[in-house]
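Report on the structure given below.
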Amino acid sequence: MSSYSLPNSPIKDIKHCQKCGRVTLHFLNPKHDVIMQPEVWEKVVRKGFNIMRRYMYIPKELLDQDPKFF
Ligand SMILES: [Zn+2]
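Those letters in the sequence shown? Residues 1340 to 1409, per our numbering, in order.
Okay, structure coming up:
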């Protein structure tokens, strides 16, 4: 998997493996669940957290209180 596009499903949980650095994304729809290598994850992050934020359950109040949350 050299490139990756986030599916149109909210992210429930993100887990980083301390041992190998792989990242597991759990989606609301579990069929989208994916384990990715650190390099792939970095690319996803580099695309911007603004994209991520669209898919994540972050209470609007929290973002308003602390824009540095991301
Ligand atoms: Zn691991």
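Just so it is clear, CB atoms sit at the ideal spot from N, CA and C, and this is done for glycine as well.
(message) Just checking R1385 against ligand 1 - is the residue's beta carbon closer than 7 Å to any of the ligand's heavy atoms?
(response) For the purposes of this step, residue 1385 is identified with residue 46 of the sequence shown, where counting begins at 1. For ligand 1, not one heavy atom lies less than 7 Å from the Cβ of R1385.
(request) Kindly indicate which residue of P1369, C1356 and K1351 has the alpha-carbon position closest to the one of W1380. (result) Residue numbering aside, residue 1380 sits at position 41 when the sequence shown is read from its first letter. It is C1356 whose Cα lies nearest to the Cα of W1380.
(message) Rounded to the nearest angstrom, what separates I1374 and K1386 at their Cα positions?
(response) In the sequence shown, residue 1374 corresponds to position 35, counting from 1. In the sequence shown, residue 1386 corresponds to position 47, counting from 1. About 18 Å.
(message) I'd like to know whether the C-beta atoms of N1368 and S1344 end up nearer to each other than 8 Å.
(response) For the purposes of this step, residue 1368 is taken as the residue at position 29 of the sequence shown. For the purposes of this step, residue 1344 is taken as the residue at position 5 of the sequence shown. It is not a contact, given that the beta carbons lie outside the stated cut-off.
(message) Give me the DSSP bridge partner(s) of K1386.
(response) As a position in the sequence shown, residue 1386 is number 47, starting the count at 1. For K1386, which the question treats as bridged, DSSP gives no partner whatsoever.
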